[in-house]
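Asks: Just so you know, we're using the UniProt record's numbering here: the sequence shown kicks off at 1 and counts up by one.
Idealized CB from N, CA, C, for every residue including glycine.
The structure presented is a predicted model; accordingly, all values stated were derived computationally and were not measured.
I'd like to ask some things about the structure below.
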Amino acid sequence: MADVLMKNIAENIGENETETVSSSVNILNDLSEIIEDVLRKLPAKSLNTCSRVCKRWHDSVKRIKKRRQQFSWIHYEESMATNIKDEIDSVLQNMSSEPGTALIFCSNALQMEQIKTTPEEHVGQEAHQTRARSKKVTVLDYIKSQLPQQCRVATSVTAGVVSTTFDNTKCSESETDGSLTCLLLPKIPGLDIYTFSFDGFMDLPDSEPESNYFNWRSEHCLWGIQNNPGFPEGVIPKLLLQLSADHYFPNQALTAALYGYFKQKIVVAGGMVDDVYLESCQEDDDDDILRREMSTLGIAFCGDDTKVASVIVPADVTNPKQVESVMSQLRGSHIPDSNRIGFMFACIGRGYGLYHKQNVESEIFRKLFPKTPLYGFYGNGEIGYNYLPDYSDIKTCDESSDEELPIFQHGYTTIIVLVSLS
Numbered sequence: 001m002a003d004v005l006m007k008n009i010a011e012n013i014g015e016n017e018t019e020t021v022s023s024s025v026n027i028l029n030d031l032s033e034i035i036e037d038v039l040r041k042l043p044a045k046s047l048n049t050c051s052r053v054c055k056r057w058h059d060s061v062k063r064i065k066k067r068r069q070q071f072s073w074i075h076y077e078e079s080m081a082t083n084i085k086d087e088i089d090s091v092l093q094n095m096s097s098e099p100g101t102a103l104i105f106c107s108n109a110l111q112m113e114q115i116k117t118t119p120e121e122h123v124g125q126e127a128h129q130t131r132a133r134s135k136k137v138t139v140l141d142y143i144k145s146q147l148p149q150q151c152r153v154a155t156s157v158t159a160g161v162v163s164t165t166f167d168n169t170k171c172s173e174s175e176t177d178g179s180l181t182c183l184l185l186p187k188i189p190g191l192d193i194y195t196f197s198f199d200g201f202m203d204l205p206d207s208e209p210e211s212n213y214f215n216w217r218s219e220h221c222l223w224g225i226q227n228n229p230g231f232p233e234g235v236i237p238k239l240l241l242q243l244s245a246d247h248y249f250p251n252q253a254l255t256a257a258l259y260g261y262f263k264q265k266i267v268v269a270g271g272m273v274d275d276v277y278l279e280s281c282q283e284d285d286d287d288d289i290l291r292r293e294m295s296t297l298g299i300a301f302c303g304d305d306t307k308v309a310s311v312i313v314p315a316d317v318t319n320p321k322q323v324e325s326v327m328s329q330l331r332g333s334h335i336p337d338s339n340r341i342g343f344m345f346a347c348i349g350r351g352y353g354l355y356h357k358q359n360v361e362s363e364i365f366r367k368l369f370p371k372t373p374l375y376g377f378y379g380n381g382e383i384g385y386n387y388l389p390d391y392s393d394i395k396t397c398d399e400s401s402d403e404e405l406p407i408f409q410h411g412y413t414t415i416i417v418l419v420s421l422s
């Protein structure tokens, strides 16, 4: 009965947050344990609605949300029976944790796909202007509009997408068809995620010789980190995803500069993409205007409890048994399975064109790590290196980066990253 009454109350608030709460709420206030038990069963969006009923409910919701650390994701392929809006709505309405960061990997074929929205789905001032009519927005803009205002949205657009079905039973490689995956990461105690971007449309100052262009670009990028208010000084990432749409600037130089800047071994992984966007869901944010000028996007995962390993499937590895042998090295790092995810960044030349069969490498990953979801893309160049610490032996971790610099930029390879976020 409490469940039904709570649902009725929650459904009738929101239009007017200041309206007097009914006497039924006062009755429920005396049933603290029942209230909290019911609230624990609600998804994040419903909790936000319920938190506006009264202070007691607000405090209960705050406690519940703080304990939730489960990430979620959106998975869509054109071959699916449902439409993309239904898939997006289903995940966002039912996710248990509120995301603080969203990582979107979207295919070129789906980037400009239009979604028809209803007036009540519009947000901000635009909702009042379009109250009586529906409108069409792109898939990426629709996802952004439905996320919490404080959520940062990092998007890369490539030829193909690597994803995992929402029930976490199968990995999928969609190499050219319309596809999308969106990893929704909540705020997890001990884990900090920082984003930063580099402008690719920079002219060399007159004072610099042309021969110094690449060094100057690298230094400029480091300046972008050093002076980024969202990236605290002294913080060392455990994983740095580097997504670059600048096909003229050697990523080896940029990645080497980033790697050397932190003076400690970190996993750097990613690749060459067609577009990168970094957006805020804040209504007054100007990022939407500037986002298309971005050339490189960095996403840093920081935290003492974050454990990462990475491996390269080399260009000369061309059969499934060899691939499995390479990927199985990740098991030796003993990455905890708590909040564990995988990233896969592959050359568009691999996949079906190499194996004459779909989903070969992602299925091998699934065989080795059956409960770990996998996300990523097919791009035009890969960034990464072999980093296989043994986390069961603390002496092998936290090594300095004084040794010879790894080769970061590759072609016709696959980069696999395994990371535990807590």
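For the pair the stretch 351 to 362 and the stretch 296 to 310, tell me if three or more CB-CB distances fall below 8 Å.
Replies: Too few Cβ pairs lie closer than 8 Å, so no.
Asks: Rounded to the nearest angstrom, what separates L241 and A269 at their Cα positions?
Replies: Numbered from 1 along the sequence shown, position 241 holds the residue referred to as residue 241. Numbered from 1 along the sequence shown, position 269 holds the residue referred to as residue 269. Computed Cα separation, rounded: 5 Å.
Asks: Pop quiz: L180 and L110 are said to be a contact at Cβ under 8 Å. What is the actual Cβ separation, rounded to whole angstroms?
Replies: Residue numbering aside, residue 180 sits at position 180 when the sequence shown is read from its first letter. Residue numbering aside, residue 110 sits at position 110 when the sequence shown is read from its first letter. That belief holds up - the Cβ atoms of L180 and L110 are roughly 5 Å apart, short of 8 Å.
Asks: Can you give me the Cβ contacts of F166 inside the same chain, cut-off strictly under 6 Å, excluding the 5 residues immediately before and after it?
Replies: Counted from its first residue, the sequence shown places residue 166 at position 166. If we look at F166 and ignore the five residues flanking it on each side, its Cβ neighbours are H75.
Asks: Is there contact between the stretch 44 to 61 and the stretch 89 to 101, where contact requires at least three CB pairs shorter than 8 Å?
Replies: Touching, yes.
Asks: Need the endpoints of the beta strand (DSSP E) that M327 sits in, please.
Replies: Sequence index remark: in the sequence shown, residue 327 carries index 327 (1-based). Counting along the chain, M327 falls outside any beta strand (DSSP E), though it belongs to the alpha helix (DSSP H) covering 320 to 327.
Asks: Taking the alpha carbon of D192 as the point to measure from, which residue in D304, H247, S134, S90 has its own alpha carbon closest?
Replies: Taking the sequence shown and counting its residues from 1, one reaches residue 192 at position 192. With distances taken between Cα atoms, D192 lies closest to D304.
Asks: By Cβ distance, which residues of its chain are closer than 6 Å to N380, with the 5 residues on each side in sequence left out?
Replies: Translated into positions along the sequence shown, residue 380 becomes position 380. Only M272 meet the Cβ criterion.
Asks: Do you know offhand how far L374's Cα is from Q70's?
Replies: As a working mapping, residue 374 is identified with position 374 in the sequence shown. As a working mapping, residue 70 is identified with position 70 in the sequence shown. Approximately 16 Å between the Cα atoms of the pair.
Asks: Output the boundary residues of the beta strand (DSSP E) element that contains T158.
Replies: Taking the sequence shown and counting its residues from 1, one reaches residue 158 at position 158. T158 -> beta strand (DSSP E) spans 152 to 158.
Asks: In whole angstroms, what separates the C-alpha of A315 from that of A346?
Replies: Here residue 315 is taken as the residue at index 315 of the sequence shown, counted from 1. Here residue 346 is taken as the residue at index 346 of the sequence shown, counted from 1. Each residue's alpha carbon lies about 11 Å from the other.
Asks: Would you kindly check if the distance between the Cβ of T155 and the Cβ of Y277 is under 7 Å?
Replies: Taking the sequence shown and counting its residues from 1, one reaches residue 277 at position 277. Taking the sequence shown and counting its residues from 1, one reaches residue 155 at position 155. The answer is yes: Cβ separation under 7 Å.
Asks: Under the rule that 16 or more other beta-carbon atoms within 10 Å means buried, what is Q149, buried or exposed?
Replies: Position 149 of the sequence shown holds residue 149. Label assigned to Q149: exposed.
Asks: Taking the alpha helix (DSSP H) that C347 belongs to, which residues open and close that run?
Replies: One-based indexing of the sequence shown puts residue 347 at position 347. First-last for C347: 340 to 347, but that is the beta strand (DSSP E), not the alpha helix (DSSP H).
Asks: For K116, is the classification buried or exposed, using 16 other Cβ atoms within 10 angstroms of its Cβ as the cut-off for buried?
Replies: As a position in the sequence shown, residue 116 is number 116, starting the count at 1. Exposed, since its Cβ has fewer than 16 Cβ neighbours within 10 Å.
Asks: Look at the alpha carbon of D275 and the alpha carbon of D37, and state the distance between them as a whole number of angstroms.
Replies: Against the sequence shown, residue 275 aligns to sequence position 275. Against the sequence shown, residue 37 aligns to sequence position 37. Cα to Cα, D275 sits roughly 45 Å from D37.
Asks: DSSP state of T195, grouped into three classes?
Replies: For this step, residue 195 is matched to residue 195 along the sequence shown. Three-state result, T195: strand.
Asks: Pairing CB atoms from the stretch 410 to 418 with CB atoms from the stretch 380 to 390, are three or more of them under 8 Å?
Replies: Flag = yes, the stretch 410 to 418 and the stretch 380 to 390 touch.
Asks: Roughly how many angstroms lie between the CA atoms of P370 and G190, to the nearest whole one?
Replies: Stepping through the sequence shown from its first residue, residue 370 is reached at position 370. Stepping through the sequence shown from its first residue, residue 190 is reached at position 190. Looking at the two C-alpha atoms, the distance is approximately 26 Å.
Asks: Are E78 and G178 closer than 7 Å when you measure CB to CB?
Replies: As a working note, residue 78 is residue 78 in the sequence shown. As a working note, residue 178 is residue 178 in the sequence shown. Cβ distance < 7 Å, so E78 and G178 count as in contact.
Asks: Would V99 and L239 be called neighbours here (beta carbons separated by less than 7 Å)?
Replies: Counted from its first residue, the sequence shown places residue 99 at position 99. Counted from its first residue, the sequence shown places residue 239 at position 239. Checking the displayed sequence, the identity of residue 99 turns out to be Pro instead of Val. Not closer than 7 Å, so no.
Asks: Exposed or buried, M344, counting other C-beta atoms within 10 Å across all chains shown (16 or more means buried)?
Replies: Within the sequence shown, the letter at position 344 stands for residue 344. So M344 ends up on the buried side.
Asks: Do I341 and V419 count as a contact pair if the criterion is CB distance below 7 Å?
Replies: Start at 1 with the first residue of the sequence shown, and residue 419 comes out as number 419. Start at 1 with the first residue of the sequence shown, and residue 341 comes out as number 341. Cβ atoms of V419 and I341: closer than 7 Å.
Asks: Is N319 closer than 7 Å to E173 when the C-beta atoms are compared?
Replies: By one-based count along the sequence shown, residue 173 stands at place 173. By one-based count along the sequence shown, residue 319 stands at place 319. Taking 7 Å as the Cβ cut-off, E173 and N319 do not qualify as a contacting pair.
Asks: Give the secondary structure of K187 by DSSP, where H, G and I count as helix, E and B as strand, and everything else as coil.
Replies: The sequence position of residue 187 within the sequence shown is 187, counting from 1. K187: coil per DSSP, three-state reduction.
Asks: If we define contact as Cβ-Cβ less than 7 Å, is G234 a contact residue for chain C?
Replies: Of the protein chains in this structure there is only one, and it is not chain C.
Asks: Once you ignore the five residues that flank C106 on each side, which residues in its own chain have a CB closer than 6 Å to its CB?
Replies: Stepping through the sequence shown from its first residue, residue 106 is reached at position 106. These residues qualify, in order along the chain: V157, L180.
Asks: Please indicate yes or no: does the CB of Q329 lie closer than 6 Å to some heavy atom of the ligand FAD?
Replies: Among the components of this structure there are no ligands whatsoever, and the ligand FAD is therefore not found.
Asks: Give me, in chain order, the residues of the same chain whose beta-carbon lies closer than 7 Å to that of I64; leave out the 5 immediate sequence neighbours on both sides.
Replies: On the sequence shown, position 64 is the one that residue 64 refers to. L39, R40, L47, listed in sequence order.
Asks: Ends of the alpha helix (DSSP H) at H58?
Replies: Within the sequence shown, residue 58 is the residue found at index 58, counting from 1. Note, H58: alpha helix (DSSP H), 55 to 67.
Asks: Taking only three categories from DSSP, how would you classify S134?
Replies: Position 134 of the sequence shown, counting from 1, holds the residue named residue 134. The answer is coil: DSSP assigns S134 none of H, G, I, E or B.
Asks: If I'm right that G384 touches I312 with Cβ under 8 Å, what's the distance once you round it to whole angstroms?
Replies: Here the question's residue 384 lines up with position 384 in the sequence shown. Here the question's residue 312 lines up with position 312 in the sequence shown. About 6 Å; that satisfies the 8 Å criterion.
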